Structures are given as structure tokens and as C-alpha cells.
Amino acid sequence: MTTSDPVGTAVASIGAGATSGAAVMTAGVFVLRIAQAGDPAAVAASAGATVIGVSLFLGIVAAVASAWWRTRVIDDRWRRGVAAAVSVFGAALLALIATPADLVAGRLGLGLYLTVLLAAAVLTHLAAMRAAAR
Numbered sequence: 002m003t004t005s006d007p008v009g010t011a012v013a014s015i016g017a018g019a020t021s022g023a024a025v026m027t028a029g030v031f032v033l034r035i036a037q038a039g040d041p042a043a044v045a046a047s048a049g050a051t052v053i054g055v056s057l058f059l060g061i062v063a064a065v066a067s068a069w070w071r072t073r074v075i076d077d078r079w080r081r082g083v084a085a086a087v088s089v090f091g092a093a094l095l096a097l098i099a100t101p102a103d104l105v106a107g108r109l110g111l112g113l114y115l116t117v118l119l120a121a122a123v124l125t126h127l128a129a130m131r132a133a134a135r
């Protein structure tokens, strides 16, 4: 199976991977902030580091898997791998925006940003599917 729009498929797949990975990473921070309940000392530092570390790892996996899956109509594995790798960097950049959201608005800001990331992930996955179908 191939697509007549490999560039559109790759770009949309990078967006899908980046937003999916960033959503997972941001969800980890959101869960940690809920567990802390306004008091950073409420959760042990080692437990907080574990939550952040696991969400970071799962976010990277989600970014790579999403981009790789969405580019499955591209026959060249090298190009699929490049799209997956670029989506990891996009996910990291998008996840960094969670910091000001947390600093400015706390858990509410993180929740709103997570909602935006989830909506963007759905839209970019749909765009990747449309581009692959061409």
C-alpha cells in the first residue's frame, strides 16, 4: 500500500506523534500535581521522579509508535524512522509548554493544556489518515 501524498502523510504523522507523546508526558505531570494536592512535599521526591520518568518514557514511546503507525503507507522504512524521530523532538518541545501552564495556572492550566494536546492529537491523527488515503 502506498500513498500519492507521502510528504503530507509524513508531516501530519510527525504532528500526530508529537501531540500524542506530549499529551502522555503532560498527563504524567498532571497526575503528579493532583497527587501533590498543592503541597509539593505531599509526594516523596523518589515517587515524583518515578512518575515523571515513566511518563517521559511512555511519551517517547507514544510519539515514535504514533508516527511510525501513521506513516505505514510509506514504503521506505528510513523515512518512516525519520518521521518517528522528529516526532520525539516535537513531543519534547510541546511538553515543555506544560511548565509555564503549571506555573501560571497550576493544575487548571495543566488540565486545559492537556485538553488542547488531546484535541490536537485527534486532529493530527485524522489529518494523517486523510493524507495517507490520497
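Each number in the working numbering comes from the position in the sequence shown (counting from 1) with 1 added on. Where is the CB? At the ideal position from N, CA and C, for every residue including glycine. Keep in mind it's a predicted model, so treat the numbers as computed, not measured.
Alpha helix (DSSP H) containing residue i: first to last residue?
i: Asp103; result: Ala99 to Ala134
i: Ile15; result: Pro7 to Gln37
i: Ile61; result: Ala46 to Arg71
With residue i and residue j assumed to form a contact (beta carbons below 8 Å), what rounded beta-carbon distance in angstroms separates them?
i: Ala13; j: Ala128; result: 4 Å
i: Ala17; j: Ala68; result: 7 Å
Have a look at residue i and residue j and give me their C-alpha separation to the nearest angstrom.
i: Trp79; j: Phe58; result: 23 Å
i: Leu33; j: Ala19; result: 21 Å
i: Val52; j: Ile15; result: 25 Å
i: Ala45; j: Val62; result: 26 Å
i: Phe31; j: Val55; result: 13 Å
i: Ala122; j: Ser21; result: 5 Å
i: His126; j: Ala102; result: 24 Å
i: Val117; j: Gln37; result: 23 Å
i: Leu111; j: Ile98; result: 9 Å
i: Ile75; j: Ser5; result: 10 Å
Please classify residue i as buried or exposed, where buried requires at least 16 other C-beta atoms within 10 Å of its C-beta.
i: Ala35; result: Rather than Ala, the amino acid found at residue 35 in this sequence is Ile. Counting Cβ neighbours within 10 Å, Ile35 comes out exposed, since fewer than 16 surround it.
i: Thr3; result: exposed
i: Ala120; result: exposed
i: Thr10; result: buried
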